[in-house]
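Colleague: Please find one structure pasted underneath; my questions will follow.
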Amino acid sequence: MQEILARPQDTLEEKACALAGYMGSLAGLPTEVMGVTGSLLTYSHNPAFSDIDLLIYGGEYAARLKERLGIEGTAEFRHASAEEVAGWCARVVRNHGLSMDEAAHLARRQGSARSSPTRVCTTTWPTRVT
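Right, dumping it as C-alpha cells:
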C-alpha cells in the first residue's frame, strides 16, 4: 500500500489511495496499518474490472473501523443487495471465465459481492463503495 500511495500508476491505484485516505479519516487510521492483497499486491490488476482488496492490520484498528462503519455501513459503504450480488457474479463470469455457480460460490465465501469494485477486509467485514 505504501508503494501505491507514494506513486499510483493507474486509475485503480488512485482509487485505492482515495479509499485508504477515506478509511484513515473515517476511523483515525494511519496508512501504515493498511495494505492491499489480490491483483493490486502482485501488480497484475486491470483497472477496467479489478477490485480493491484493502487490508487493515491489527485488531484494534480493525475494531475501530468496524465501529465507525456500523452494522448498516455509512453513506459511502453499505452491504450489497441481491441485485448487486447477481451483477457482480455476471461480471466475474464475463471477465474471468468462471461459471455462474463458481461465481456465486465466491460471492458466498467472500461475504461481499458488490457492483463497485472494493472490498475492505478487517476480519470478515463485507462492504461496498457507492
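Its first residue numbered 32, the sequence shown is counted upward by one per residue in this note's numbering.
Heads up, the beta-carbon is just placed ideally off N, CA and C, and yes, glycines get one too.
#1: What residue does the beta strand (DSSP E) around Val123 start on, and which one ends it?
#2: Let me know if Ala93 comes out buried or exposed under the rule of 16 or more other beta-carbons within 10 Å of its beta-carbon.
#3: So, Ala47 versus Leu96, is the Cβ gap smaller than 8 Å?
#4: Mind checking which residues open and close the alpha helix (DSSP H) that includes Gly52?
#5: What did DSSP end up calling Leu36 once you bin it into helix, strand or coil?
#6: To the nearest angstrom, report how far apart Ser112 and Ile35 are at their CA atoms.
#7: Compute the Euclidean distance between the alpha carbons of Ala37 and Ala49, then round it to the nearest angstrom.
#8: For the candidate residues Met65, Asn77, Thr105, whose alpha-carbon lies nearest to that of His127?
Modeller: Well, looking at it:
#1: It is not in any beta strand (DSSP E) - Val123 instead sits in the alpha helix (DSSP H) that spans 113-127.
#2: The residue in question, Ala93, is buried, as its Cβ has 16 or more Cβ neighbours within 10 Å.
#3: No. Outside cutoff.
#4: Segment 42-58, the alpha helix (DSSP H) holding Gly52.
#5: If DSSP states are grouped into helix, strand and coil, Leu36 belongs with the helices.
#6: Whole-angstrom Cα-Cα distance: 30 Å.
#7: Distance between Ala37 and Ala49, taken at the CA atoms: about 12 Å.
#8: Considering only alpha carbons, the answer is Asn77.
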